[in-house]
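Written below as structure tokens is the structure these notes are about.
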Amino acid sequence: MSHPLIFPMAAHVAWTACLYVLLTAARAPAVWGVGRRPDGRNPWAKFEPRISANLSNQFEWPLFFHIACVWLILDQDRGGLPWALAWIFIVGRVLHSLVQVLTANVRLRGIVFTVNFLAVLAMWAWVLARAIGQ
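Just add 818 to the spot in the sequence shown (first one is 1) and you have the numbering used here.
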């Protein structure tokens, strides 16, 4: 039987893969000429650096999410709180991506990131509480 934390981890991997596809599509007019405007411009030029930056973000703070999940899986912790926090993190990651790629609203992006950040910190508090309690 699989551990419930595998699913939010897989969701993050899938989301990151989607961002790679989106970045490839955004770069296609410049790299391969596919989808280029008649005047030669890339219609996605505005979004390409935002997608690229967001994709880089998927390998920063999420690293701590995945490490906490692996520890909890190895510890065979099936508690509901880490599972809920993991899904809060995933929803927050998707929202963070959408805000970063589709808007220039840095304040909203910061708020969404803070939710992600706190969810992972809470997961680590859970990990540490379990480690100390053993």
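Backbone N, C-alpha and C define an ideal beta-carbon position, used for all residues, glycine too.
Candidates the options: which alpha carbon is nearest residue i's?
i, options, result
"Gln876", "Leu837, Ala947, Gln952, Trp944", "Leu837"
"Ala844", "Val831, Met827, Pro867", "Pro867"
"Ser820", "Ile929, Ile891, Val839", "Ile891"
"Leu873", "Ile929, Leu916, Pro822", "Leu916"
"Leu823", "Leu899, Arg855, Asn860", "Leu899"
Does the separation of the CB atoms of residue i and residue j fall below 9 Å?
i, j, result
"Trp879", "Phe825", "no"
"Trp942", "Ala863", "no"
"Phe883", "Ala937", "yes"
"Ile908", "Ala835", "no"
"Trp944", "Gly897", "yes"
"Ser870", "Leu841", "yes"
"Leu881", "Ala940", "no"
"Val831", "Phe865", "no"
Can you tell me whether DSSP reads residue i as helix, strand or coil?
i, result
"Thr834", "helix"
"Leu823", "coil"
"Gly910", "helix"
"Glu866", "helix"
"Ala922", "coil"
"Val938", "helix"
"Gly858", "coil"
"Gly951", "helix"
"Gly928", "helix"
"Phe877", "coil"
Residue i: buried (16+ other C-beta within 10 angstroms of its C-beta) or exposed?
i, result
"Gly910", "buried"
"Asn934", "buried"
Just checking: is the beta-carbon of residue i within a distance shorter than 9 Å of some beta-carbon in chain D?
i, result
"Gln952", "Looking for chain D here will not work: only one protein chain is present."
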